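Per this note's numbering: the sequence shown ends with 862, consecutive numbering throughout.
Worksheet for the structure shown next.
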Amino acid sequence: MTDGPAHDADPAAGAGWRTRVAGVAIGGVGVLLAASTAVWPTKVVAVRVPEVGDFTKGYEQLIWSWGREVVYTSDGVLLDAFSGPDPVPRLVLLVVVLALAAAGLLLRLVRAGRPGELASAVGTALALATVAGSLVQRLSVDDRTIGLQPGLVVVTTTVGWLEVVSVALLTVALAVLVVPVLLPRVADSVTGAVAGVAARLRQRHALVEATPPLVATLMDPGPVGTGRAPAVGFSDTPFPTGTGSGAPPPTDGDS
Numbered sequence: 608m609t610d611g612p613a614h615d616a617d618p619a620a621g622a623g624w625r626t627r628v629a630g631v632a633i634g635g636v637g638v639l640l641a642a643s644t645a646v647w648p649t650k651v652v653a654v655r656v657p658e659v660g661d662f663t664k665g666y667e668q669l670i671w672s673w674g675r676e677v678v679y680t681s682d683g684v685l686l687d688a689f690s691g692p693d694p695v696p697r698l699v700l701l702v703v704v705l706a707l708a709a710a711g712l713l714l715r716l717v718r719a720g721r722p723g724e725l726a727s728a729v730g731t732a733l734a735l736a737t738v739a740g741s742l743v744q745r746l747s748v749d750d751r752t753i754g755l756q757p758g759l760v761v762v763t764t765t766v767g768w769l770e771v772v773s774v775a776l777l778t779v780a781l782a783v784l785v786v787p788v789l790l791p792r793v794a795d796s797v798t799g800a801v802a803g804v805a806a807r808l809r810q811r812h813a814l815v816e817a818t819p820p821l822v823a824t825l826m827d828p829g830p831v832g833t834g835r836a837p838a839v840g841f842s843d844t845p846f847p848t849g850t851g852s853g854a855p856p857p858t859d860g861d862s
């Protein structure tokens, strides 16, 4: 494996080495965030103020992205598990898709060319479709309209927000991995524009650091009787020179 410039100069390497690393890194983070939804729930539906005569004294319904639902009382006692279709196949599908996406990204990192490009694109697209599907389903259902109960609260958990970030990262990763292959000219123009902006920012920063600060100095008055008053101003030199600025600076012999 060669360094970055060699990869960028090699036409057989496809997209540049840095672009490949960026796409794989973004996609890897997206896959890891999506994997958290297989373990923890993404949404909680809770009734804090139960109706009169309700023996449950409030409850919390935990909902996973892959369909699992568990109901607890406000005291932490398990009331009922989800009695609908078995959600385990959806969990298996999620795990398999994320594993394929991770394998495709790893192959894209270690191997340039069409096999890595195809594996990473297909795996990332499948992961994005799976995670985005559960996200759209969660956002499109308003549980507060199902049962009009007082004190009904719908809470998106931290893992639920991580799922949103995962969809965004997988989308960016898919674009970074696919656009340089399908639209190389567009990728080159975008990369050149970003490089130009970065160069201008570096040049401006270097110019600011190289510019010396202005120093406020009290100018020496002219000889006695000239009527010249001391002046205060900004100068590039800490002390004025004797040319055109009055008497020269005092020396030890003058004292």
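Ideal Cβ positions, reconstructed from N, Cα and C, are used throughout, including at glycine.
What you are looking at is a predicted structure, and each value in this text was computed from that prediction instead of being measured.
- Residue state for Thr765 is assigned as helix, using DSSP reduced to three classes.
- Under the three-state reduction of DSSP output, Ala653 falls in the strand class.
- About 12 Å separates the CB atoms of Val638 and Ala732; that is not less than 8 Å, and the two are not in contact.
- In this structure, the alpha-carbon of Ser773 lies about 10 Å from that of Gly767.
- The residues Thr663, Tyr666, Val678, Tyr679, Thr680, in chain order, have a CB closer than 8 Å to that of Leu686 in the same chain once the five nearest residues on each side in sequence are set aside.
- Rounded to the nearest whole angstrom, the C-alpha separation of Trp624 and Ala719 is 9 Å.
- If the five residues before and after Ala734 are omitted, its C-beta is found closer than 7 Å to the C-beta atoms of Val638, Ala641, Val704, Leu705, Ala708, Leu777, all from its own chain and listed in chain order.
- In this model, Lys650 and Arg811 are separated by some 48 Å (Cα to Cα).
- Glu724 and Gln668 have their C-alpha atoms spaced approximately 42 Å apart.
- In this structure Arg721 is exposed. Its beta-carbon is surrounded by fewer than 16 other beta-carbon atoms within 10 angstroms.
- Distance between Ser643 and Ile633, taken at the CA atoms: about 16 Å.
- Bounds of the alpha helix (DSSP H) holding Val717 are 695-717.
- Here the alpha carbons of Gly674 and Pro694 stand approximately 5 Å from one another.
- 8 Å or more divides the Cβ of Leu716 from the Cβ of Ala726.
- Excluding its 5 nearest sequence neighbours in each direction, Arg697 has C-beta neighbours in its own chain below 8 Å: Trp673, Gly674, listed in chain order.
- Excluding sequence positions up to five before and after Leu700, its CB lies less than 6 Å from no other CB in the same chain.
- For Trp671 against Thr764, the beta-carbon gap comes to about 10 Å, at or over 8 Å, which does not count as contact.
- Contact between Val729 and Gly711 holds, with the beta-carbon distance rounding to 6 Å and staying under 8 Å.
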